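These protein sequences, in sequence, are chains A and B. Residue 3 is where the first sequence starts when you use my numbering, and the numbers rise one by one after that. Residue 760 is where the second sequence starts when you use my numbering, and the numbers rise one by one after that. Yeah, the Cβ is synthetic: ideal placement off N, Cα and C, and Gly gets one too. Keep in mind that this is a model prediction, so the values were computed, not measured.
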Amino acid sequence: MPASYLWLIPLLPFAGFLINGTLGRRLPRPLVSAVALIPTFLSACLWVWLWFTMKAAGAPESIHSVVTLFGNNWIQISGFHADFAFTVDHLTLIMLGVVTCVGFLIHVYSVGYMAHEEGYWRFFAYLNLFMFFMLVLVLSANFLLLFVGWEGVGLASYLLIGFYFKKDSAANAGKKAFIVNRIGDFGFLLAMFLLIAHFGSLDFSTVFSAISQHPEWQGGFLTAIALLLVVGATGKSAQIPLYVWLPDAMEGPTPVSALIHAATMVTAGIYMVARTHTIFDRSPYALGVVAIIGAATAIFAACIGMVQHDIKRVLAYSTVSQLGYMFLACGVGAYTAGIFHLLTHAFFKALLFLAAGSVIHALSGEQDMRKMGGLRKRIPVTFWTMTMGVVAIAGIPPLAGFFSKDEILFRAFVSPNPIGKLLWLVGLVTAGMTSFYMFRLWFKTFFGEERFEEHADLHTHGAVVHAKSDSHSVMVADHEDHHAHGVHESPLIMTLPLMILALLSIIGGWVGVPAALGGHDEIGEFLEPVFSGGVQVTEVVSHSTELGLAAVSVLVALLGLFVAYALYYKKPGTAATYAQKFPALYRLVENKFYVDEIYGFFVTVLLMFSRVGLGLVDSIVTGLASASGASARGLGAIVRSIQSGNIRSYAGWLALGAAAVIAVMIFGHSLWLN
Amino acid sequence: MTVPISYYLVLAAILFSIGVASFLIKRNIITIFMSIELMLNAVNLTFVAFAHMWHQITGQIFVFFVMVVAAAEAAVGLAIIIAIYRTRQTLNVDQINLLKN
Chain A
3 MPASYLWLIP LLPFAGFLIN GTLGRRLPRP LVSAVALIPT FLSACLWVWL WFTMKAAGAP
63 ESIHSVVTLF GNNWIQISGF HADFAFTVDH LTLIMLGVVT CVGFLIHVYS VGYMAHEEGY
123 WRFFAYLNLF MFFMLVLVLS ANFLLLFVGW EGVGLASYLL IGFYFKKDSA ANAGKKAFIV
183 NRIGDFGFLL AMFLLIAHFG SLDFSTVFSA ISQHPEWQGG FLTAIALLLV VGATGKSAQI
243 PLYVWLPDAM EGPTPVSALI HAATMVTAGI YMVARTHTIF DRSPYALGVV AIIGAATAIF
303 AACIGMVQHD IKRVLAYSTV SQLGYMFLAC GVGAYTAGIF HLLTHAFFKA LLFLAAGSVI
363 HALSGEQDMR KMGGLRKRIP VTFWTMTMGV VAIAGIPPLA GFFSKDEILF RAFVSPNPIG
423 KLLWLVGLVT AGMTSFYMFR LWFKTFFGEE RFEEHADLHT HGAVVHAKSD SHSVMVADHE
483 DHHAHGVHES PLIMTLPLMI LALLSIIGGW VGVPAALGGH DEIGEFLEPV FSGGVQVTEV
543 VSHSTELGLA AVSVLVALLG LFVAYALYYK KPGTAATYAQ KFPALYRLVE NKFYVDEIYG
603 FFVTVLLMFS RVGLGLVDSI VTGLASASGA SARGLGAIVR SIQSGNIRSY AGWLALGAAA
663 VIAVMIFGHS LWLN
Chain B
760 MTVPISYYLV LAAILFSIGV ASFLIKRNII TIFMSIELML NAVNLTFVAF AHMWHQITGQ
820 IFVFFVMVVA AAEAAVGLAI IIAIYRTRQT LNVDQINLLK N
C-alpha cells in the first residue's frame, strides 16, 4: 500500500462519525449500522493491504507519510514545528491490527447488543469517533499528534461511559474517567515541554536518533521525561495510583467496555511506553518505577477482583491487573512481551467482555453474579466461547494468555533489575489469583443452581434508565417475539464475533511460542527492528530453567482453578464461611481498600478550597459590578425626580433657568472677565 | 414731554413678573394660558418702547410677528385645552401629568 494512502485508515471512521453524528437521528437503523460498519471494515482491509506491503521482501522497516491536509506545516511557531505526520513500523502494524480488527468485530457485536437501545445512532457515531482518534494515536509520527489521539480517545471514552447519561452514576463515571485522565495528561504535557526544551522537536525520529547519537546521555533529564510520560501512561492505562476510573467506566455499554476499556484505549499507555522505549532504556530508574507500578497494580487489582460480585467489575479489575502485567513487562525491558500480552489480552479480554455482555443480554440487564448460575445449558455458545476466554486469561496452555504471560514472567525473572525475582514472584502470585477469580466468575455464572428470575422483561441493558423514560412504550411496541421470553441465547450477529474472538484467543498466542517450547517466537522477530538496542538480558538461562518456570506458572494457574472449583462448585457456601472468618479483611477488600473514599477525601478538600476561592472571586467581581450598577441607579433616581411630570414644576425650573441666565448676563461680566 | 424709557421697562418687567408668578402659582390651565399672553405682551411693550427710542421700525414689526404667533398659539392651545377637558374632565394641571413615566 502506498504511504500516501495512510491517512485513509483513520479518515474512514471519521467520515462515519460525521455522517452518523449529523444525519444519524433521521436515518433508519440498518443504514446507521452500515454507515458505522463499512468504514471500519474498509480500515481493516487497508490494514491487511498495509500488512502485506510491509511484509513483502525488501520492504522498509517503517514508512512515513506527512498529511498535507493542513498545509505543509501543521503547526509552526518560531523555530518549532510539527507535522501532521503518520508513520508505520512493525509496532504500529500490530496496534493497527488490534484496533481495526477487534474494533470491527465489536462494531458487529454492537449491532445486536444495542438493537433495542435508544440513541443507537449516537452510540455508533461515538464508536467511530473513538476509532478515528485511536488510529491517529497509533499512527502518529510525533508526540503532539499522539497527544491529539490520546485526548481524543479520552473524549470518546467520556462520551461512551456516559452513554446512559440519564443515569447519575453513568454521568459521574464519565466525569471521573475524564478528570482522572487529565491528571495523567498533565504529566504527558510536561514531558512534551521538556522534550521541546531539550530537542527542539517532538518528532519520534528526531528525538530518538538524537538519543542514539549520544550514548553518554544516561538518566538525568531523560529520567525526568520518562517519569512524566509514566504519569501520563498510568492515567490512560489505569495503573496505580490513577486506576480508579476504570472500574467505574463499566457504567458504559458492554461493547464499549470491551473495545475501549479492555482491548484498545487502555493499552495506549503501554503502547506509548513501548514507542518511547529509547528514552526509557536510558533510565534504569524510570524502568524500575514502571516495573514496580506494574507489579503492584497487577496484584492489587487482582486482590479486589477476587471478591467483586458484578460480572463486569471483575473483568474491569482483571483488566487493570493485566495492564499491570504489560507495565511490568515494559519495566523489565521486555517490550516485545508487553506488546505480545497486549495483543493476546485484546483478544481474550474483548471476548470476555462481549461474552459477559451476552450473559447480561440474556438476563435482561442483570450484572450481579449472585443472581446468575446454571447458565451453561441456557446459553451454550456464550458458555463455550467464554470458557475459551477464561482458560486463555488464566494462563493454561496452549491458549493465548499462557504464552504472553509466561514470557513476561520469564523476562522478569531474568531481568537485570535487582528486584527482578521479587517482581517475578508477584507476577506469579497474581497469575494464580487471576486464574482463581476468572474461574470463580465462570463457576458462579454458568454452573450451580439457577439463581436468576425468569422475567419476561424488556430487552434493555440500561434497564433502570428505560423504565423511567418516556420511550418505554415505544420499546415495547417494536419488541421482537423471541425476545419476549426469559433467558435466551444471543442472536448470531453477537455470537459470531464471540466465536471469532474465541478462535483468536486459542491461536493468538502461537505467534510467540518461545524457543524453549520448540517455537520460533515470530512476534519477537517481527518486533526486533523496533525494539533493538534495548535492555539486554544479562543472565543467560538454559531452556530447562525456562521450561521449569513455565511449569510453575501453569501449576499456579491450575491451583487457582482448583481453589475456585472447591469454593464455588463443590461446596458453593464455603467461600462465604471463609469470608465470615475474616470479616474485617473481607470488607476491606470488598470495598476496594477504600481507595475511592481516600481519594474522595482529597477531592472534597480540593472542592472546599475551590468553593472558598469561587466565593471570594465571586464576591469581588459581583461586588464591583453591583457597585457600578448601584451608582448608576442612584444617579438616575436623583435625576429622575426632576422629571416629575408636573407642568408647574417644569415651569418653575424654566423660570429658575431663565433667572440664572439673566443673573449670569448681569453679574457674570463683573465676576469672570475682570 | 417724553416719558423716559425706564418707565416702559419697569412696567414691562412688572407685567412679565406677574405673568411668571401667575404661571407658577395658578392651577387652572386657562389662567396659565392667559399668563403666557401677559408675558408675551410685556415683551411686546419693551419692543415698542425700544423701537420708539431708537426710531427703528424693526421692533414694531417684531411685535406683529409675536402677535401673529400668539394668535396661532391661542387657537392651537385652546383646541388642546378643550380636548384635554373632554378626556380628563378637569383643567387642573396638577392632575394632568400623563407625561410622567
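* **Neighbourhood of F355(A) by C-beta distance below 7 Å, restricted to the same chain and skipping five residues each side** => T256, S259, A260, A264, L317
* Applying the criterion that 16 or more other CB atoms from any shown protein chain within 10 Å of the CB defines a buried residue, is I181(A) buried or exposed? -> exposed
* Closer than 8 Å, Cβ to Cβ, to anything on chain E: give me those residues from the segment 844-856 of chain B, in chain order. => Of the protein chains in this structure, namely A and B, none is chain E.
* Asked: Any Cβ of chain B within less than 8 Å of the Cβ of A639(A)?
  -> no
* If you check the beta carbons only, do T280(A) and I242(A) fall under 8 Å apart? -> no
* **Option nearest I600(A) by Cα separation, candidates E153(A), L244(A), M388(A), H118(A)** => L244(A)
* To do: Could you check what DSSP says for S259(A) in three-state terms: helix, strand or coil?
  => helix
* Looking only at DSSP bridge pairs, what is H66(A) linked to? -> T89(A)
* Mind listing the chain A neighbours of F782(B)? Cutoff is C-beta to C-beta under 7 Å, in chain order. => A653
* Give me the Cα-Cα distance between A175(A) and R124(A), rounded to the nearest whole angstrom. => 19 Å
* the segment 358-367 of chain A in contact with the segment 375-392 of chain A per 3-pair CB rule at 8 Å -> yes
* DSSP three-state call for S417(A): helix, strand or coil? -> coil
* For F350(A), I'd like the list of residues in its chain whose CB is within less than 7 Å of its CB, leaving aside the five on either flank, ordered along the chain. => G391, A394, I395, A402, G403, S507
* Quick one: what does DSSP say F142(A) is sitting in, helix, strand or coil? -> Note on residue identity: the sequence assigns Ser, not Phe, to residue 142(A). It is a strand residue.
* Asked: Thinking C-alpha only, which one of Y766(B), N800(B), P763(B), L768(B) is nearest G778(B)?
  -> N800(B)
* In terms of residues, what are the limits of the alpha helix (DSSP H) holding I773(B)? -> 764-784
* **As assigned by DSSP and simplified to three states, the class of F82(A)** => strand
* To do: With distances taken Cα to Cα, identify the nearest neighbour of I11(A) among A36(A), L29(A), L39(A), L44(A).
  => L44(A)
* **Against chain A: residues of the segment 766-790 of chain B by CB proximity under 7 Å** => V779, F782, L783
* **Chain-ordered chain B contacts of T650(A) [CB-CB under 9 Å]** => Position check: residue 650(A) holds Arg in this sequence, whereas Thr was assumed. Chain B residues near R650(A): F782, L783, I784, K785, R786, I791, V852, D853.
* **Close beta carbons around L139(A), own chain, < 7 Å, minus the five adjacent residues each side** => L148, G151, W152, V155, A270
* **G659(A) at chain B interface by Cβ criterion, 8 Å** => no
* **Length at least 4, wholly inside the segment 307-345 of chain A: the alpha helix (DSSP H) runs in chain order** => 313-333
* Asked: From C305(A), F195(A), T278(A), E368(A), pick the residue whose C-alpha is nearest to that of K314(A); which is it?
  -> E368(A)
* On the premise that V34(A) lies in contact with G26(A), defined as a C-beta separation below 8 Å, what is that separation, rounded to the nearest angstrom? -> 5 Å
* Asked: Among S628(A), V591(A), S6(A), which has the Cα closest to the Cα of F302(A)?
  -> V591(A)
* To do: Report all residues from its chain with a CB closer than 7 Å to the CB of F135(A); omit the five preceding and five following residues, and keep chain order.
  => G151, G154, V155, A158
* **For F126(A) and V467(A), the rounded distance between their alpha carbons** => Confidence in V467(A) is poor, its pLDDT being 40 and thus under 50, which makes the residue's placement unreliable; the coordinate value appears in the next sentence. Whole-angstrom Cα-Cα distance: 19 Å.
* Sequence-distant residues of the same chain with beta carbon closer than 7 Å to A842(B), five excluded per side -> none
* **Which of helix, strand or coil DSSP assigns to N183(A)** => helix
* For D370(A): DSSP bridge partner residues -> D312(A)
* Asked: According to the Cβ coordinates, are T432(A) and A304(A) closer than 8 Å?
  -> yes
* Have a look at L519(A) and A331(A) and give me their C-alpha separation to the nearest angstrom. => 20 Å
* To do: Report the three-state DSSP secondary structure of I77(A) (helix, strand or coil).
  => strand
* Assign N787(B) to buried or exposed, taking buried as 16 or more other Cβ atoms, counted over all protein chains shown, within 10 Å of its Cβ. => exposed
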